[in-house]
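Structure record follows, encoded as structure tokens.
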Amino acid sequence: MIKTIPLVQASVKEFVRNWKSIFLLIVCPLILISIIFTSFNAEGIQKIPLGLIMKTPDFRLNDFRSVTKEFIILKEYNSLDDCFAELKAGREYACIEVIKELSFFLNINFDNTKGAVIWEVLARLKNTVDNLQKEETKNVAKGVLTRLKTTLEDLERLHNELITANNQLDNYIFKTDQTITELRTLKSELSTTLQSMRNDIQELKNSKSTAEQEKNELYQEIKSKDYKNTANRISSIGLQTGTPELTQISNELLGLENLIERYNQQVNDYFVKFDNRIYQYEQTNEKGYAYTTQIDSKVQELENVKNELVTYKTKINLLQNKLDNARNDLKGVERLDPEVLVNPVIIKNQPTYEGDARSRNLVILQTVFPTLLLLVVLFLSLLISSFITLRNVNSSASKRVMLIKGIFVHDFLSGYISSLFITSIPMLCVLLLGKYVFKIDLFSNFVLVFLILFLLSSIFLMLGMIIANVIKKESIALLLTTFILIILIFFSGLLLPIEKMSDTAALFAINFPGKITIDALNQVIFYGQGFQTITSGLVSLLIWFSGLTIIALAVKKIRDI
Amino acid sequence: MSDLILKVENVSASQGKFKISNVSFELTNGNILGLVGRSGSGKSTLINTLVGLKRPEAGKIRVFYGDKKIPLNEVMGYSPQGNALYPLLTLEENLVLFGQLYKIKKEVIHTRINNLLKLLDLEKSRKKKITELSGGMQKRADLAVSLIHNPEIIILDEPFAGLDVALHKFIWNLLKTLSKEGKIIIVSSHLLNELQQNCNKYGLIENNYFYTTKEIITALKSTKEKSLDVFLEKLFTRDLLMSEKK
């Protein structure tokens, strides 16, 4: 270090006494950094002029205006062509055409040459329209839910009526069953009665036959007695005898025979009536049997009716079940909040880093800070080290310095240390800006932040030294530095996210110092992570630093030879 | 006075289109070697090779203190064409810096600086930046820095370029003083008559070749030609040079 320190002092003095280098490498970058940092709008995006062409009067224009007035200046046009003319002249960022078919269509013709800001505007417009859409849908949902309530009440009544009907059906089935049973019982009794009747009829017929037979026998017997003749004899006798009693007897006998005849006739008439009655009873019996058959038939019909009733009851039960299910489903829907209906799935984006900032937009700027810091360190480290190394290489004094014994490492170290020292000044300014303007707590974990930035800066200082030792001409070195800067920025994922790169490119970018640094800074600054978490990142940076140091030493050695 | 010997044996070197071969000479204490050659003949190439700014393609460069071999850069002071100073540092800062780089003790540096500034008449310029000095003062400043560590061998590449005659004399007087102190001095120039007057050893560089033969040196020393070009043209018409080449 005995030789390194004087060389560092000489290098820094040379730098400081060269006002051009101070201006170009310190003042200008600081001014540029300040301008860049202060140019960020903490309140968010500026208001963007947009044209509006209303092809329908039904659109909720006032709501749309009130929600978008924070980020849009809306101007109405009569036609799309008028708006396009203004867009092409750069006075409008987009032309929104509102059309109504079944739904509202917002055709947004946007100027895609405007860069990233137009996409943010479009995203906000989409959010606005989505919110309006949700409001509209919510209102519709409320109306639907109200009607649903009425429908549910109707369904409730229907349900009750179905229960009643079901109960009545049960009743009917029961009664039908009862009736069937009674009818069967009646039929059975009737059959029994009819059978008994038939038996009685038969008995009566038999009795009648017997009685008729006996009567006829008796009649015959009586007739055979020829009581008329007898009566006549008696009468004659009486006459003969002059016995009036015999005449009376003969008259009585004749009267008895007449009576017998009359009784015989009556009995015959009674027998005829009896026969007729028997016949009627037989007819009635037959009818009775016919009725039992009819009863059977009717019972069967009643059975069928009962079965049909049972079937209908089953159907009604099924229908009731379905109705109950539908009611339950609808009750579930009725309980829904219109908000839930409109937003059944809600995505809530919750940033894990919220910071202490009062405004969301400052948090956004805070999260951008590591990227800005990386760019500043990258830019300054590369340029300052290239400049200082080139100045040392091309310095007239280098001829003398190189000849000093054992000066190689000291010369190398002095270039590195003086570049690091000079780079640290604007880097510190950026850190202070981050602390006091962006309100990021950088100094609570300062050791780690310092370590990360030290390694990052050292990596790019080495790269600058390599470039300067390879390309001794300042103009070409500057061109090459610019080219390399673009590559470094690209592979740090600053222009194109690493997640959008091809596999090979992403593999390289992930292991690139820029990406490693941003990840480590994010972890330390925003999440207060400690050494353990970022160890692998630090090791990677150290490997890069070591590798580039070796290359820088080798290149310098070859150049010195 | 230590017994110092500088041996250069068959050294060849090239730098771009400049080539030089067959360089051999030996110098001891008090020698002032004048390297003579036209502009672009390869004098600077040879000097760059001698001081170590370039590796020789062939040959050896060795320094001996008696029998002990020592590295040349330990005992060498070098003053290139122009100057080899930090332009935005003051003269004093340059002297202190190189004094520190040559590991001269602090207490010794300032004494030596005072002596050198006095020797080279630069006392009034000690606080001035190199860029603020005139051409002649810059050359003297460069000489002062090349002497800060009291080298035994002093190599100067075209020290008189762009300087006035008075300054030539001043420098030559300084070199002769240093020579008397036993230092070995190598000076390259195309100023034939000055080299004739002040050197005691010569090396001619012509057509990428280094000549130290007695005949050539005698011719060089004895010529009345003031122009090196004329002298060399005349020299090359003689068979002398041709036979040397064989």
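As given, the protein sequences belong to chains A and B, one line each in that order. Counting from 485, one number per residue, gives the positions in the first sequence under this note's numbering. Counting from 39, one number per residue, gives the positions in the second sequence under this note's numbering. Note that the Cβ used here is the ideal one computed from N, Cα and C, for glycine as well. Computed from a prediction, not measured in an experiment: that's the story for all the values here.
- For Asn953 (chain A), no chain B residue has a C-beta closer than 9 Å to its own C-beta; the minimum C-beta separation is roughly 16 Å.
- For Leu670 (chain A), the closest alpha carbon among the candidates A:Thr725, A:Asp1044, A:Val783 and A:Tyr763 is that of A:Val783.
- Collapsing the DSSP output to three states places Val1023 (chain A) in a helix.
- Within the same chain, and ignoring the five residues on either side of Gly137 (chain B) in sequence, the residues whose Cβ sits closer than 6 Å to its Cβ are Ile147 and Ile186.
- Its Cα nearest to that of Val61 (chain B), the residue B:Thr83 stands out among B:Ile223, B:Thr83, B:Ile151 and B:Ser260.
- For Ala810 (chain A), the enclosing alpha helix (DSSP H) has its first and last residue at Pro728 to Glu818.
- In chain order, Leu126 make up the part of chain B whose C-beta sits under 8 Å from the C-beta of Asn502 (chain A).
- Gly174 (chain B) and Ala96 (chain B) have their alpha carbons spaced roughly 36 Å apart.
- What Leu205 (chain B) touches in chain A, judged by beta-carbon distance under 7 Å, is nothing: the nearest beta carbon there is about 19 Å away.
- Listed in chain order, the non-local C-beta contacts of Ile510 (chain A) below 8 Å within the same chain comprise Ile906, Ile909 and Pro910, local neighbours out to five positions each way being set aside.
- Leaving aside the five residues that flank Pro533 (chain A) on each side, the residues in its chain whose CB is nearer than 7 Å to its CB run, in chain order, Ile557, Lys559, Arg575, Glu576 and Tyr577.
- Within chain B, the residues whose beta carbon sits less than 7 Å from that of Lys883 (chain A) are Leu91, Pro118 and Ala122, listed in sequence order.
- Within the DSSP secondary-structure output, Thr128 (chain B) pairs in a beta bridge with B:Lys167.
- Secondary structure of Ile243 (chain B) (DSSP, three-state): strand.
- With 16 or more other CB atoms across the displayed protein chains lying within 10 angstroms of its CB, Gln119 (chain B) is buried.
- Looking from the CA of Asp180 (chain B), the closest CA among B:Leu133, B:Ser260, B:Asn153 and B:His206 belongs to B:Leu133.
- Taking 4 residues as the minimum length, the alpha helix (DSSP H) runs contained wholly in the stretch 88-118 of chain B are 110-113, in order along the chain.
- Its Cα nearest to that of Ser184 (chain B), the residue B:Val89 stands out among B:Val89, B:Phe102 and B:Leu273.
- Straight-line spacing of the CA atoms in Leu859 (chain A) and Ile486 (chain A) works out to 34 Å.
- The DSSP-derived three-state label of Met681 (chain A) is helix.
- It is roughly 13 Å from the alpha-carbon of Gln724 (chain A) to the alpha-carbon of Ala715 (chain A).
- Contact annotation for Tyr249 (chain B) against chain A: no contact, minimum CB-CB distance about 27 Å [criterion: below 9 Å].
- Residues are counted here when their Cβ sits less than 8 Å from a Cβ of chain A; for the stretch 174-193 of chain B these are Val183 and Ser184, given in chain order.
- Proximity of chain A to Glu112 (chain B) at the Cβ level (cut-off 8 Å) is accounted for by Lys889, in chain order.
- Your pair Val914 (chain A) and Ile517 (chain A) checks out as a contact, with CB atoms roughly 6 Å apart and the cut at 8 Å.
- Here the alpha carbon of Arg150 (chain B) sits roughly 15 Å from the alpha carbon of Glu190 (chain B).
- Comparing alpha carbon positions, the residue from A:Ser1030, A:Thr1001 and A:Phe1029 closest to Ile1018 (chain A) is A:Thr1001.
- For Phe967 (chain A), the enclosing alpha helix (DSSP H) covers residues Glu958 to Phe975.
- Under the three-state reduction of DSSP, Pro189 (chain B) is assigned to coil, being neither helix nor strand.
- The beta carbon of Ile255 (chain B) sits closer than 7 Å to the beta carbons of Tyr240 from its chain, once the five residues preceding and following it are set aside; these are given in chain order.
- The Cβ of Val134 (chain B) sits closer than 9 Å to at least one Cβ of chain A.
- Of the candidates A:Leu862, A:Phe755, A:Ser523 and A:Ala961, A:Phe755 places its Cα closest to the Cα of Leu688 (chain A).
- Within 9 Å of the CB of Ala1038 (chain A), no CB atom of chain B is found; the nearest one sits about 17 Å away.
- A contact between stretches requires three or more CB pairs, one per stretch, nearer than 8 Å, and the stretch 104-123 of chain B meets this requirement with the stretch 187-206 of chain B.
- Residue range Ala578 to Lys584 is occupied by the beta strand (DSSP E) that includes Ala578 (chain A).
- In the DSSP assignment, Asn60 (chain B) falls within the beta strand (DSSP E) that extends over Phe56 to Thr66.
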